[in-house]
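Engineer: Supplied in structure tokens, the structure appears directly below.
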Amino acid sequence: MCQNNGASVQPSNPFLRAYMPYTIDPLSIQFTETRHGVNATARILFDGKKVGTIHDHAERIVADVTFSTEEDRAAFAIEARRILATVFGKATHHDSAFISEYARALLQQAEEELLKQSQDDHISDDRA
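One gets the numbering used here by counting positions in the sequence shown from 1 and adding 8 to each.
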């Protein structure tokens, strides 16, 4: 699952969570178990178009996030700073820290969606 290394990755305001314009394609998530924990890789989408990829490594404080273009990175960083007031208790970190934690929040949402879908499928199978 998503590793957050003790940092809060969810926006504190549930209203903001509902309006995050970026998403992660839940079906693109690939988990890899390592001796340090579980790593995850997934596609970041904006309006259904792939704009980046998160590579979340369990042993790293900041996730690696790559983007299709520099413009996609800049737009994601702006949105990350809008959604997350602070990262690791500070508002003065570089964009990469905000990008990492926003991408991890999106990954966590996608994981929750997968779990819910799995539970819903299980309940549907039980009723059939």
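Cβ atoms here follow ideal geometry from the backbone N, Cα and C, with glycine treated the same way.
All figures in this text were calculated on a predicted structure; none of them were measured in a lab.
Got a sec, what are the start and stop residues for the alpha helix (DSSP H) F84 sits in?
Structural biologist: The residue given as residue 84 occupies position 76 in the sequence shown. Start and end: E78 to I91.
Engineer: From the DSSP output, in three-state form, read off R68 for me.
Structural biologist: On the sequence shown, residue 68 is found 60 positions in, with the first residue counted as 1. Note: R68 maps to coil in three-state DSSP.
Engineer: Does the separation of the CB atoms of Q38 and T49 fall below 8 Å?
Structural biologist: Reading the sequence shown from its first residue, position 30 is the one you call residue 38. Reading the sequence shown from its first residue, position 41 is the one you call residue 49. A contact, by the Cβ cut-off of 8 Å.
Engineer: Does the separation of the CB atoms of R112 and D64 fall below 8 Å?
Structural biologist: Counting from 1 along the sequence shown, the entry for residue 112 is found at position 104. Counting from 1 along the sequence shown, the entry for residue 64 is found at position 56. For R112 and D64, yes; Cβs fall inside 8 Å.
Engineer: List the DSSP bridge partners of L53.
Structural biologist: The residue you call residue 53 lines up with position 45 of the sequence shown. DSSP lists T31 and K58 as partners of L53.
Engineer: Could you tell me the distance, in whole angstroms, from the CA atom of A105 to the CA atom of H44?
Structural biologist: Position 97 of the sequence shown, counting from 1, holds the residue named residue 105. Position 36 of the sequence shown, counting from 1, holds the residue named residue 44. Roughly 21 Å between the two C-alpha positions.
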